[in-house]
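In the working numbering, the protein residues as written are 524 to 605.
Report on the structure given below.
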Amino acid sequence: MEGQIRGVARMIERDEYCIDILQQTAALRAAVDAVSLMLMEDHVAGCLTTAVKTGDAQAYTEEVMEVVRRSMGRPARARATD
Numbered sequence: 524m525e526g527q528i529r530g531v532a533r534m535i536e537r538d539e540y541c542i543d544i545l546q547q548t549a550a551l552r553a554a555v556d557a558v559s560l561m562l563m564e565d566h567v568a569g570c571l572t573t574a575v576k577t578g579d580a581q582a583y584t585e586e587v588m589e590v591v592r593r594s595m596g597r598p599a600r601a602r603a604t605d
């Protein structure tokens, strides 16, 4: 991804065709999304087991869903007050 970012920066510096730059930014976004998904899968797989064992499944679920909402550009849910 770092190389892709440098490549996009060079394309901008060289004033290359906007559509070509947009295609490269779309490829970069896809790479970032792939890494994000991999991290989320690992987090869910590893931490879910621990959360269930410790009785923290509800808090864990809320935390994960908050991250998913933010990644989708959705507003956070209002937290219930005690």
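Every residue, glycine too, gets a C-beta built ideally from N, C-alpha and C.
Computed from a predicted model, the values in this text were never measured in an experiment.
Contact the stretch 526-535 vs the stretch 544-552: 3+ CB pairs below 8 Å: For the pair of segments examined, the stretch 526-535 was found to touch the stretch 544-552: the number of CB pairs separated by less than 8 Å reaches three.
Interface flag, residue 527 vs chain B, CB-CB below 7 Å: Chain labels in this structure do not include chain B; a single protein chain is all it has.
C-alpha distance - residue 555 paired with residue 538, whole-angstrom precision: Near 24 Å, if we compare the C-alpha coordinates of residue 538 and residue 555.
Between the CA atoms of residue 578 and residue 557 - distance to the nearest angstrom: Residue 557 and residue 578: Cα-Cα distance of roughly 30 Å.
Contact under 7 Å by Cβ, residue 580 with residue 574: In this structure, residue 580 places its C-beta atom within 7 Å of the C-beta atom of residue 574.
Span of the alpha helix (DSSP H) around residue 552: For residue 552, the enclosing alpha helix (DSSP H) covers residues 541-577.
Rounded separation between residue 570 and residue 560 - CA only: If I take the Cα positions, the gap works out to 15 Å.
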